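Okay, structure first, notes after.
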Amino acid sequence: MYISPKFISEVLFLALLIFLEWSFPFFDQKREKILHDLRNLVLALINGVIGSVIFSSLIVAVVRWSDRSGHGILASIPEGGAAHLIAAFLLFDLWMYTWHVINHLVPFLWRFHRVHHSDPAMDASTGLRFHPGEIILSYCARLIIIPVIGIKYSELVTYEAVLVAVILFHHSNVALPEYMDKILRSVIVSPRMHRVHHSDIMVETNSNYSSIFSWWDRIFGTYRYRENMKTLRFGLKEYNSSRDQELISLFAAPFRNPDKNRKQD
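Numbering (this note's numbering), first residue to last: 41 to 305.
Rendered as structure tokens:
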């Protein structure tokens with residue numbers, strides 16, 4: 041059985057972050073961390089199968105068709121050079137920002153995306169916690185945007201590798217010094233920046249949408265920061281029961297309305 045080096049590197053990086061979360065946690069979340077992480081990893085495994093079995097061949101086919109057609113925003117930039125790669129990175133990251141905003145604004149899409157936001161204890165495994173429906177919708181949108189941008193397969197693979205690493209990192213519960221986080225968030229999305237996005241206060245939830253490069257939020261006015269991170273509470277207030285965190289509830293979440301008046305367990 042062939043296991044790609046990309047997958048191995050992602051697993052090793054996740055393992056490193058989990059070790060650092062245990063050793064240098066920003067929030068004390070050790071009590072239920074094992075069950076919490078396993079639940080999120082089950083979702084990640086299901087989504088990985090969906091991506092590999094259903095969409096990987098489709099993505100390759102669309103990229104090849106896009107290459108042959110010679111269309112796309114990047115068509116005017118010579119292939120194979122640094123300029124094409126940089127432009128592809130920036131445009132695809134801008135798309136990821138846009139898609140994230142859309143997932144918050146469109147009620148149908150939010151039904152799926154709120155599974156990600158309902159996690160009451162954000163850590164690296166939260167970066168893999170997505171409803172399979174959101175993954176399917178995301179891939180479908182990607183099949184459209186790939187030829188629009190004109191990104192090459194090698195560029196897409198490179199972007200995806202960087203994206204996964206940054207997403208795992210900025211979801212992590214690692215206690216970075218503030219000065220280090222400040223330097224990082226001037227370029228990429230840092231843990232402190234993304235923690236605000238996972239706040240249970242909706243005005244904070246609807247901010248900091250960037251995936252890799254943090255400047256999209258500054259450019260489009262969606263950047264928000266809070267000094268006192270220790271008072272921050274993760275999750276969604278309407279999903280405040282331990283039953284909401286069971287796998288069956290996570291799968292069913294997009295198809296039912298939460299009980300906003302239910303008391304916390």
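Think of the CB as a built atom: it goes at the ideal place given N, C-alpha and C, for glycine as much as any other residue. Quick caveat: nothing in here was measured; it's all calculated off a predicted structure.
Anticipated Cβ contact below 8 Å, residue i with residue j, distance rounded
i: residue 237; j: residue 251; result: Actually they do not touch by this definition, with Cβ atoms about 11 Å apart.
i: residue 228; j: residue 253; result: 6 Å
i: residue 137; j: residue 263; result: Actually they are not in contact, since the Cβ atoms of residue 137 and residue 263 sit about 11 Å apart, beyond 8 Å.
Residue closest to residue i, alpha-carbon to alpha-carbon, out of the options
i: residue 289; options: 212, 146, 171; result: 171
i: residue 176; options: 99, 113, 193, 78; result: 99
i: residue 73; options: 164, 156, 114, 103; result: 164
i: residue 167; options: 152, 182, 209, 183; result: 209
i: residue 174; options: 159, 201, 195, 140; result: 140
i: residue 269; options: 218, 58, 80; result: 218
i: residue 89; options: 199, 280, 47, 272; result: 47
i: residue 81; options: 245, 50, 189; result: 50
i: residue 231; options: 242, 243, 211; result: 211
i: residue 225; options: 243, 255, 204; result: 255
i: residue 293; options: 282, 151, 179, 169; result: 151
i: residue 281; options: 160, 147, 63; result: 160
i: residue 322; options: 216, 59, 94, 243; result: Residue 322 is absent from the structure shown; the chain starts at 41 and stops at 305.
i: residue 201; options: 129, 148, 149, 260; result: 129
i: residue 271; options: 63, 67, 52; result: 67
i: residue 57; options: 148, 215, 181; result: 215
i: residue 113; options: 197, 101, 127, 120; result: 127
i: residue 52; options: 69, 149, 204; result: 204
i: residue 265; options: 62, 101, 59, 233; result: 233
According to DSSP, residues forming a beta bridge with residue i
i: residue 228; result: 253
i: residue 65; result: 214
i: residue 92; result: The partner list for residue 92 (beta bridge, DSSP) is empty, contrary to what the question assumes.
i: residue 274; result: 239
Residue i burial status per 10 Å Cβ neighbour count (16 or more: buried)
i: residue 76; result: buried
i: residue 304; result: Only weak support is given to the placement of residue 304: the predicted model assigns it a pLDDT of 41, under 50, and the question is left unresolved by the model.
i: residue 301; result: Because the pLDDT at residue 301 is just 42, under 50, the model does not fix this residue reliably, and the point stays unresolved.
i: residue 41; result: With a pLDDT of only 48 at residue 41, under the threshold of 50, the placement of this residue in the model should not be trusted; the figure read from the coordinates follows. Flag for residue 41 reads exposed.
i: residue 87; result: buried
i: residue 115; result: exposed
i: residue 54; result: buried
i: residue 184; result: exposed
i: residue 192; result: buried
i: residue 143; result: buried
i: residue 220; result: exposed
i: residue 85; result: exposed
i: residue 106; result: buried
i: residue 287; result: exposed
Beta-carbon proximity of residue i to residue j, cut-off 8 Å
i: residue 295; j: residue 240; result: no
i: residue 195; j: residue 134; result: no
i: residue 118; j: residue 213; result: no
i: residue 285; j: residue 104; result: no
i: residue 245; j: residue 157; result: yes
i: residue 91; j: residue 179; result: yes
i: residue 131; j: residue 189; result: yes
i: residue 71; j: residue 162; result: no
i: residue 154; j: residue 83; result: no
i: residue 97; j: residue 187; result: no
i: residue 298; j: residue 278; result: yes
Contact test: residue i Cβ vs the ligand COA heavy atom, cutoff 7 Å
i: residue 162; result: The ligand content of the structure shown is nil, which means the ligand COA is not present either.
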